Amino acid sequence: MLATAQTFTLDGISARPVRVEVDVHRGLPAFSVVGLPDAAVREARERVRAALVNCGFEFPLRRIVANLAPASLRKAGPGLDLAISVALLTASGQLELGGSIAMVGELALDGSVRPVPGVLAIAEAARERGCKTIVVPAENGAEAALVEDLEVICLESLSQVAALAAGDWKSRRPQPMSLDRREGEAMPDLADLRGQRHLRYALEVAAAGGHSMLMVGPPGAGKSLAASRLPSILPPLAAAEALEVARIASVCGRLGERGVSGRPFRSPHHTISPAGLIGGGNPPGPGEATHAHRGVLFLDELCEFRRDTLEALRAPLESGWVAVARAGAWRQLPCRFMLVAASNPCPCGRGESDPECSCAPLAVQRYQARLSGALADRIDVLAAIRQPSAEEIGGPAGEHSAAVRERVVAARERQESRLGAGRSNAEMTATEVRDCALEESAATLLAEAYARRRLSGRAHDRVLRLARTVADLAGSDAIGHEQVAQALQLRRRDSE
51 MLATAQTFTL
61 DGISARPVRV
71 EVDVHRGLPA
81 FSVVGLPDAA
91 VREARERVRA
101 ALVNCGFEFP
111 LRRIVANLAP
121 ASLRKAGPGL
131 DLAISVALLT
141 ASGQLELGGS
151 IAMVGELALD
161 GSVRPVPGVL
171 AIAEAARERG
181 CKTIVVPAEN
191 GAEAALVEDL
201 EVICLESLSQ
211 VAALAAGDWK
221 SRRPQPMSLD
231 RREGEAMPDL
241 ADLRGQRHLR
251 YALEVAAAGG
261 HSMLMVGPPG
271 AGKSLAASRL
281 PSILPPLAAA
291 EALEVARIAS
301 VCGRLGERGV
311 SGRPFRSPHH
321 TISPAGLIGG
331 GNPPGPGEAT
341 HAHRGVLFLD
351 ELCEFRRDTL
361 EALRAPLESG
371 WVAVARAGAW
381 RQLPCRFMLV
391 AASNPCPCGR
401 GESDPECSCA
411 PLAVQRYQAR
421 LSGALADRID
431 VLAAIRQPSA
441 EEIGGPAGEH
451 SAAVRERVVA
461 ARERQESRLG
471 AGRSNAEMTA
481 TEVRDCALEE
491 SAATLLAEAY
501 ARRRLSGRAH
511 DRVLRLARTV
521 ADLAGSDAIG
531 HEQVAQALQL
541 RRRDSE
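Sequential numbering from 51 applies to the sequence shown in the numbering used here.
In structure tokens form, the structure reads like this:
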């Protein structure tokens, strides 16, 4: 007898439909799983066998073939266990579960249904495929309930399937998990950054426009502290953005019971590989750049990273997407993040202008060469940091994050009214940059700086984007001479 069940397998950060076909017929007892399964899917044979017996079902001692269609799609993970077991029970005549139902879950040997990653993406895919109901592990019910117009049934054990098929039992729809998008309440406060007036302003401009940022200064000057306070001044996630962040966290197994509490902040170690940073593997999976989507990617000790690792960020910084190609697989993963980097001026950290710096010129050149000119050209804000004085460290606290965040949110609202929902000045196209209203004195200053500093065309546009953000913070509709001057200052490594 032949029976089918509908399930899904993860593919990057999305889910692909899988039709489970189980055939039970006469022959020597055997259980085969075909259709390009990975090791975890092949091992489902033993989990399903033990779970059926321990839940009071009969495991048929016949020839069993489970086909996972389409056969050309690689299936990964233990999330197909539940669908295989239900199809097997249906094929052996032990139950009949009809309707447009999708199911996902891992089985324990005692028949309990264990949680699996990516249920939010699977539930969204099920709704798009026209499924009316999805059966998920009880621990994944809250994230599946985030998807509207889809009935969610939570299973704790495989033994509940019989009652479900007979119509004698139906679980209550779980409460959707929290997508609390309020920012900064439990985060470190920007007031902890003493002194550093230029750095504080650079952080505010970067947050207001979604601009990438590089801080260069001696160790202990406050670069890492400033970066860790940046999420506290960013605007809250919009509903659609929070769902994107939750989907990525779910696929990567990082979506806990608390749900999404704010924008991601990722800080990978400098020994990370290019595949770990932008994604890779076989099948291709997301890297730190995708994990930081709609948040902050902080690269501390930038010049300690491998050059090829840093160069891998060039295209994602421009497009907001990363394309990962492997033999037989190609994935496009979202990575719209704010790049925030910190670096010392030289290997010893003091800088060539410090008399106590003992670094040879060649060592300094080799150290700084890790950051190529092409990548530096794609970073909007370049801020030089000095060591704060004793008076500044012992002085009063600076402005709190809440006050700065109010100005940042107001500037973002001006940008969204001009560019569209969810967009910031850092995402402006070349056409939108050219359409910026520019006063005559501001245009003259920008032209002079372009010729004197020998800026590239990309740097010219980035100055305009920065100037537009400075104008938004000031509440100005046009970019004036002062805004362009401040934008040029924010792109100088010797600003202080």
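Glycine included, each C-beta is placed from N, C-alpha and C at the ideal position.
These numbers were taken from a predicted model, which means no experiment stands behind them.
Reducing DSSP to helix, strand and coil, say where threonine 140 ends up.
Indexing the sequence shown from 1 puts residue 140 at position 90. Reduced to three states, the DSSP call for threonine 140 is helix.
Return yes when the Cβ of aspartate 358 is within less than 8 Å of the Cβ of proline 405, no when it is not.
Indexing the sequence shown from 1 puts residue 405 at position 355. Indexing the sequence shown from 1 puts residue 358 at position 308. The answer is no: Cβ separation not under 8 Å.
What first and last residue would you give for the beta strand (DSSP E) that runs through alanine 392?
The count along the sequence shown starts at 1 and reaches residue 392 at position 342. Here the beta strand (DSSP E) through alanine 392 covers 388-393.
Rounded C-beta distance between valine 483 and arginine 515? I'm assuming under 8 Å.
For the purposes of this step, residue 483 is taken as residue 433 along the sequence shown, with counting starting at 1. For the purposes of this step, residue 515 is taken as residue 465 along the sequence shown, with counting starting at 1. Valine 483 to arginine 515, Cβ: 6 Å. Contact.
Beta-carbon proximity list for methionine 478, same chain, < 7 Å, skipping 5 on both sides
Sequence index remark: in the sequence shown, residue 478 carries index 428 (1-based). Excluding residues within five positions, the ones whose Cβ falls inside 7 Å are Leu469 and Arg515.
Using three-state DSSP, classify leucine 383 as helix, strand or coil.
Your numbering for residue 383 matches position 333 in the sequence shown. DSSP places leucine 383 in strand when its eight states are reduced to three.
Can you tell me whether glutamine 225 is buried or exposed? The criterion is at least 16 other CB atoms within 10 Å of its CB, across all chains shown.
Mapped onto the sequence shown, residue 225 falls at position 175. With fewer than 16 other Cβ atoms within 10 Å, it is exposed.
Excluding five sequence neighbours on each side, which residues of the same chain lie with their C-beta closer than 8 Å to the C-beta of arginine 99?
In the sequence shown, the residue the question calls residue 99 occupies position 49. Hits under 8 Å: Phe81 and Phe109.
Short of 6 Å in beta carbon distance, which residues of its chain neighbour alanine 213, apart from the five on each side in sequence? Order them along the chain.
Locating residue 213 in the sequence shown gives position 163, counting from the first residue. Result list for alanine 213: Trp219, in chain order.
My output table needs one value for glutamate 449: the three-state DSSP class, helix, strand or coil.
Residue mapping note: residue 449 aligns to position 399 of the sequence shown, counting from 1. Three-state DSSP puts glutamate 449 in coil, outside helix and strand.
Helix, strand or coil, according to DSSP, for asparagine 117 in the structure here?
Translated into the one-based positions of the sequence shown, residue 117 becomes position 67. If DSSP states are grouped into helix, strand and coil, asparagine 117 belongs with the strands.
Compare the C-alpha of valine 91 against each of Pro438, Glu146, Thr59 and Arg462 and name the closest.
Position 41 of the sequence shown, counting from 1, holds the residue named residue 91. Of Pro438, Glu146, Thr59 and Arg462, the residue nearest in Cα terms is Thr59.
Give me the Cβ distance between valine 520 and arginine 541, rounded to the nearest whole Å; I'm assuming they're in contact under 8 Å.
Within the sequence shown, the letter at position 470 stands for residue 520. Within the sequence shown, the letter at position 491 stands for residue 541. Between arginine 541 and valine 520 the Cβ distance is about 12 Å, and since that is not below 8 Å, they are no contact.
Tell me which residues share the same chain as valine 72 and place their Cβ nearer than 6 Å to its Cβ, disregarding the 5 neighbours each side in the sequence.
Residue mapping note: residue 72 aligns to position 22 of the sequence shown, counting from 1. Closer than 6 Å at the Cβ level, and outside the excluded window around valine 72, lie Ala53, Ala116, Ala137, Leu138 and Ala141.
Restricting to Cα atoms, I'd like to know which of Ser403, Ala413, Leu367 and Phe315 is closest to cysteine 353.
The residue labelled residue 353 in the question sits at position 303 within the sequence shown. Closest by alpha carbon: Ala413.
What are the boundary residues of the alpha helix (DSSP H) that includes alanine 296?
In the sequence shown, the residue the question calls residue 296 occupies position 246. That run of the alpha helix (DSSP H) goes 289-301.
To which residues of the same chain is serine 150 closer than 6 Å at the C-beta, ignoring the five residues directly before and after it?
Along the sequence shown, one-based indexing puts residue 150 at 100. Excluding residues within five positions, the ones whose Cβ falls inside 6 Å are Cys181 and Lys182.
Write down every uninterrupted run of the alpha helix (DSSP H) in the stretch 75-125 whose length is 4 residues or greater and which is fully enclosed by it, in chain order.
89-92 and 94-104
Indicate the three-state DSSP secondary structure (helix, strand or coil) for glutamate 482 in the structure shown.
Mapped onto the sequence shown, residue 482 falls at position 432. Correct three-state label for glutamate 482: helix.
Contact check, arginine 66 vs leucine 170 under 8 Å by CB: the rounded distance?
Taking the first residue of the sequence shown as 1, we reach residue 66 at position 16. Taking the first residue of the sequence shown as 1, we reach residue 170 at position 120. Actually they do not touch by this definition, with Cβ atoms about 15 Å apart.
From what residue to what residue does the alpha helix (DSSP H) around glutamine 415 run?
The sequence position of residue 415 within the sequence shown is 365, counting from 1. From DSSP, the alpha helix (DSSP H) with glutamine 415 extends over 411-418.
Since threonine 340 sits in a beta bridge, which residues does DSSP pair it with?
For the purposes of this step, residue 340 is taken as residue 290 along the sequence shown, with counting starting at 1. Threonine 340 pairs with nothing; no bridge assigned.
For histidine 343, is the classification buried or exposed, using 16 other Cβ atoms within 10 angstroms of its Cβ as the cut-off for buried?
For the purposes of this step, residue 343 is taken as residue 293 along the sequence shown, with counting starting at 1. The residue in question, histidine 343, is buried, as its Cβ has 16 or more Cβ neighbours within 10 Å.
Going by beta-carbon coordinates alone, are leucine 305 and glutamate 442 separated by less than 8 Å?
Residue mapping note: residue 305 aligns to position 255 of the sequence shown, counting from 1. Residue mapping note: residue 442 aligns to position 392 of the sequence shown, counting from 1. Against a cut-off of 8 Å, the Cβ pair of glutamate 442 and leucine 305 comes out as no contact.
Buried or exposed (CB count within 10 angstroms, at least 16 for buried), glutamate 233:
On the sequence shown, position 183 is the one that residue 233 refers to. With a pLDDT of 47 at glutamate 233, under the threshold of 50, the predicted position of this residue should be treated as unreliable, and no value is reported.
Top-ranked residue by Cα proximity to glutamate 449, from Ser135, Arg250 and Ile429:
Taking the sequence shown and counting its residues from 1, the one referred to as residue 449 is at position 399. Of the candidates Ser135, Arg250 and Ile429, the one whose C-alpha sits nearest the C-alpha of glutamate 449 is Arg250.
For alanine 257, the nearest candidate out of Pro269, Pro285 and Gly267 (CA to CA)
For the purposes of this step, residue 257 is identified with residue 207 of the sequence shown, where counting begins at 1. Of the candidates Pro269, Pro285 and Gly267, the one whose C-alpha sits nearest the C-alpha of alanine 257 is Pro285.
Nearest by alpha-carbon distance to leucine 495: which of Ala535, His319, Leu505 and Val185 is it?
As a working note, residue 495 is residue 445 in the sequence shown. If we check each option's Cα against that of leucine 495, Ala535 comes out closest.
Following the continuous alpha helix (DSSP H) through proline 366, name the residue where it begins and the one where it ends.
The sequence position of residue 366 within the sequence shown is 316, counting from 1. Looking at the DSSP string, the run of the alpha helix (DSSP H) that includes proline 366 is 364-369.
What do you get for glutamate 456, buried or exposed, if any count of 16 or more other CB atoms within 10 angstroms of its CB means buried?
Your numbering for residue 456 matches position 406 in the sequence shown. Classification of glutamate 456: exposed, given that the 10 Å Cβ count is below 16.
Among Gly106, Ile328 and Leu159, whose alpha-carbon lies nearest the alpha-carbon of alanine 375?
Counted from its first residue, the sequence shown places residue 375 at position 325. Nearest of Gly106, Ile328 and Leu159 to alanine 375, Cα basis: Ile328.
Can you tell which of Arg518, Val163, Gly399 and Arg428 has the C-alpha that lies nearest to the C-alpha of leucine 505?
Locating residue 505 in the sequence shown gives position 455, counting from the first residue. If we check each option's Cα against that of leucine 505, Arg428 comes out closest.
What separation, rounded to the nearest whole angstrom, lies between the Cα atoms of serine 311 and serine 278?
Translated into the one-based positions of the sequence shown, residue 311 becomes position 261. Translated into the one-based positions of the sequence shown, residue 278 becomes position 228. Roughly 16 Å between the two C-alpha positions.
Glutamate 489 by DSSP, collapsed to three states: which one?
Your numbering for residue 489 matches position 439 in the sequence shown. Coil.
As a quick exercise: from Glu498, Arg502, Glu490 and Ser262, pick the residue whose alpha carbon is nearest that of glycine 530.
For the purposes of this step, residue 530 is identified with residue 480 of the sequence shown, where counting begins at 1. Minimum Cα distance to glycine 530 is reached at Glu490.
Between the C-alpha atoms of cysteine 486 and glutamine 382, what's the straight-line distance to the nearest angstrom?
Within the sequence shown, residue 486 is the residue found at index 436, counting from 1. Within the sequence shown, residue 382 is the residue found at index 332, counting from 1. About 31 Å.
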